[in-house]
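Quick notes on the structure that follows.
Numbering (our numbering), first residue to last: 797 to 1051.
As structure tokens, this is what we get:
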């Protein structure tokens, strides 16, 4: 069942979204060669707790950290590790969730550690762009498939692979709510979009094939062909006044 949020609930989600987005920026600003993925996780954990919130991921389904930190060919759900050291040219996907006064925020970004090449930067950029192309279709009265198909079309026309085994989701009092939000679909299909819906929309894009596999740790998802992968996510709310990106602190795409 899809939970429609009233104005009071949306206000609570704005607070959770702000903390989530700020924690993600704190992690971004800390990135440098020589730090471990555990160090990144500690930045996220400490920031969220300092705001009086709780890391949404810590202990969720047994996940042992506050952030998912996935490097290079790791797609999502990378477990932070003291021995995993970041180096110049790596790309790091940081996925953050914060629970504050009854509501969750969820957001992810892909950052380069130092400088990266043009092909890798294009992967990061197209992944981010696909989110914004999708939310242009997030209008009252449209169908969810309008959003999903727009995301997928942008990814595929740029020559990248769509991860289809994992999808975005509704969000609110629970980290994962209905509906599922794939990064592919057919226009005119799916649930009707209405005011008060809150979604975590999260394109996951591979430089090669969209095929993936899960490591024996039960969490870390990697590309099957060892190609690089990028991830971009925001929690959004559809309101009578349009779309609000609840986890976006700094504008990162020119409209």
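Where a beta carbon is used, it is the ideal one built from N, C-alpha and C, also for glycine.
Where residue i sits in the DSSP three-state scheme
| i | result |
| --- | --- |
| residue 1031 | strand |
| residue 873 | coil |
| residue 939 | strand |
| residue 837 | helix |
| residue 945 | helix |
| residue 800 | coil |
| residue 1040 | strand |
| residue 956 | coil |
| residue 1003 | coil |
| residue 927 | helix |
| residue 973 | strand |
| residue 887 | strand |
| residue 861 | coil |
| residue 1049 | coil |
| residue 912 | coil |
| residue 849 | coil |
| residue 810 | helix |
| residue 1022 | coil |
| residue 906 | strand |
| residue 991 | coil |
Same chain, Cβ closer than 7 Å to residue i, five either side skipped, listed in chain order
| i | result |
| --- | --- |
| residue 829 | 882, 883, 884, 909 and 910 |
| residue 936 | 989, 990, 991 and 1034 |
| residue 912 | 885 and 887 |
| residue 753 | Nothing can be reported for residue 753: it is not among the residues displayed for the chain, which extend from 797 to 1051. |
| residue 973 | 799, 965, 966 and 967 |
DSSP bridge partner residues for residue i (one or two, in chain order)
| i | result |
| --- | --- |
| residue 766 | Because the chain spans 797 through 1051 in this model, residue 766 falls outside it and cannot be assessed. |
| residue 983 | Residue 983 is not bridged to any residue. |
| residue 900 | 895 |
| residue 1009 | 1018 |
Same chain, Cβ closer than 6 Å to residue i, neighbours up to 5 away in sequence not counted
| i | result |
| --- | --- |
| residue 946 | 929, 930 and 933 |
| residue 1017 | 871, 872, 873, 1008 and 1010 |
| residue 854 | 862 |
| residue 897 | 808 |
| residue 836 | 823 and 865 |
| residue 906 | 887, 889, 920, 1026 and 1027 |
| residue 958 | 948, 951, 979, 980 and 1006 |
| residue 964 | 977, 996, 997 and 998 |
| residue 938 | 989 |
Cut-off 8 Å between Cβ atoms - residues of its own chain near residue i, not counting five sequence neighbours on either side
| i | result |
| --- | --- |
| residue 1013 | 875 |
| residue 867 | 833, 874, 880, 882, 886, 887, 888 and 889 |
Presumed contact (8 Å Cβ cut-off) between residue i and residue j, rounded CB distance
| i | j | result |
| --- | --- | --- |
| residue 1046 | residue 821 | 7 Å |
| residue 894 | residue 852 | 6 Å |
| residue 1040 | residue 903 | About 13 Å separates the two Cβ atoms, so there is no contact after all. |
| residue 1004 | residue 994 | In fact, because the Cβ distance is near 33 Å, the residues do not count as touching under 8 Å. |
query = Between the stretch 914 to 925 and the stretch 837 to 850, do at least 3 Cβ pairs fall closer than 8 Å?
reply = no
task = Answer yes if the stretch 1017 to 1031 comes into contact with the stretch 886 to 895, meaning at least three C-beta pairs across the two stretches below 8 Å, and no otherwise.
result = yes
key: Inter-stretch contact (C-beta, 8 Å, three-pair minimum) for the stretch 984 to 992 and the stretch 958 to 972   = no
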